[in-house]
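Have a look at the structure below, then the notes.
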Amino acid sequence: MDQLKAVGFLIQYVMQRLALLFFAACAAAFTTATIMAALGYWAWIDLPLRYGGAPVQNAGMYLQIFATVLAAGICFFLPANARILQLENSHRRFRISMDDVARAYGAVHAADRGHLFQLSSEFDAVRERLAYLRDHPDLSTLEPALLEVAAQMSHISHELADVYSDEKIDRARAFLKQRQEEVNLFNDRLDQAKAISTEMKHWLHEVELEESVAAAQLARLSAEMNEILPQLGRETTLRPDAETEAKPLDPTALDNGVYELPKAAE
């Protein structure tokens with residue numbers, strides 16, 4: 621049974637399209653023929669017609685003009701007929717699809733986030749949202765029941781739309797953008813400080829290295845001088861400090877003084 625209905629709908633669909641094409645072709649043919657006959661390029665239709673026993677002059681021309689006007693007038697009804705066929709087809713395969721509900725709800729929720737709706741009561745708020753969805757250019761083909769469901773869902777999520785309104789989201793984004801700029805500036809300054817610290821450490825290491833090299837050279841020079849001075853006949857005399865001079869002389873103590881020797885003869 622369902623297959624027969626499907627075949628019947630298919631035949632009806634094909635015949636309706638063929639009828640539309642037939643009327644459009646007839647209107648185009650009659651219009652072209654009438655215009656060419658009026659300009660003198662083609663001949664008018666010759667139709668022997670009598671009325672009340674007397675022949676009607678130019679009956680074919682009148683009939684051709686009437687047929688042209690009728691065909692052109694029918695063509696003006698073709699868009700309305702196409703609209704009716706579209707509605708019939710949509711009613712035949714109508715199902716509340718979650719994709720359509722989500723699309724309608726997304727549109728009305730975006731408008732609600734922009735503070736487009738001002739009515740507070742539940743009935744007025746749903747009616748206002750439903751009117752918006754009906755006038756929406758992208759949702760004109762959806763069913764009224766589907767639009768009503770989307771409007772009710774939008775009214776339920778009104779508080780959520782108020783919390784995440786476009787104004788608050790823009791303000792939050794501006795705040796986060798400012799914080800991001802501050803973080804970037806801080807990171808730049810931190811990188812600069814790290815570079816300065818690395819440079820100072822490297823400089824300190826070089827100074828300490830130079831100081832250690834200078835101290836090693838000084839120690840080596842002192843050792844060399846200590847080896848050379850006895851050969852030159854000169855030694856450094858150790859002077860006792862004040863504490864040592866204050867103590868009484870011990871005859872048994874060793875003499876730690878170093879005396880200057882005469883210069884050796886060359």
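To convert, count from 1 in the sequence shown and add 620; that's this note's numbering.
Think of the CB as a built atom: it goes at the ideal place given N, C-alpha and C, for glycine as much as any other residue.
Boundaries (first-last residue) of the alpha helix (DSSP H) holding G680: Taken as a continuous stretch (DSSP letters only), the alpha helix (DSSP H) holding G680 covers 679-696.
Residues near E768 in its chain [Cβ-Cβ closer than 7 Å; skip 5 each side]: L750
Restricting to Cα atoms, I'd like to know which of M681, F642, Q798, I665 is closest to A691. It is F642.
With A781 as the anchor, note down where its alpha helix (DSSP H) starts and where it stops. 778-783
Taking all protein chains shown into account, decide if V634 is buried (16 or more other Cβ within 10 angstroms of its Cβ) or exposed. exposed
CB contact flag (L667, A679, <8 Å): yes
Do you know how far the Cα of T818 is from the Cα of K883? At K883, the pLDDT of 45 sits below 50, so the modelled position is not reliable and the matter cannot be decided from this model.
I think Y752 touches V728, with their Cβ atoms under 8 Å apart; what is that distance to the nearest whole Å? 6 Å
Based on DSSP bridge pairs, tell me the residues matched to A674. Its beta-bridge partners are Y671.
Can the beta-carbon of I655 be found less than 8 Å from the beta-carbon of M681? no
Using only CA atoms, which one of F696, A687, E748, I704 lies nearest to Q636? Closest option to Q636, Cα to Cα, is I704.
If you measure between the beta carbons of S774 and R733, is that distance less than 8 Å? Cβ distance not < 8 Å, so S774 and R733 don't count as in contact.
Give me the Cβ distance between A724 and L762, rounded to the nearest whole Å; I'm assuming they're in contact under 8 Å. 6 Å
For T651, I'd like the list of residues in its chain whose CB is within less than 8 Å of its CB, leaving aside the five on either flank, ordered along the chain. T688, A691, A692
If you draw a straight line from the C-alpha of P675 to the C-alpha of A639, how long is it? 35 Å
Are the CB atoms of I694 and A653 within a distance shorter than 8 Å? no
Under three-state DSSP, which class holds L759? In this structure, L759 counts as coil in the three-state DSSP scheme.
Backbone CA spacing between R840 and E826 [nearest angstrom]: 21 Å
Proximity of F737 and A731 at Cβ, strictly below 8 Å: yes
Can you tell me whether G734 is helix, strand or coil according to DSSP? coil
Residues of its chain near H756, where Cβ-Cβ distance is below 7 Å and the 5 sequence neighbours each way are ignored: A727
Buried or exposed for A770, please, with buried defined as at least 16 other CB atoms from any protein chain shown within 10 angstroms of its CB. buried
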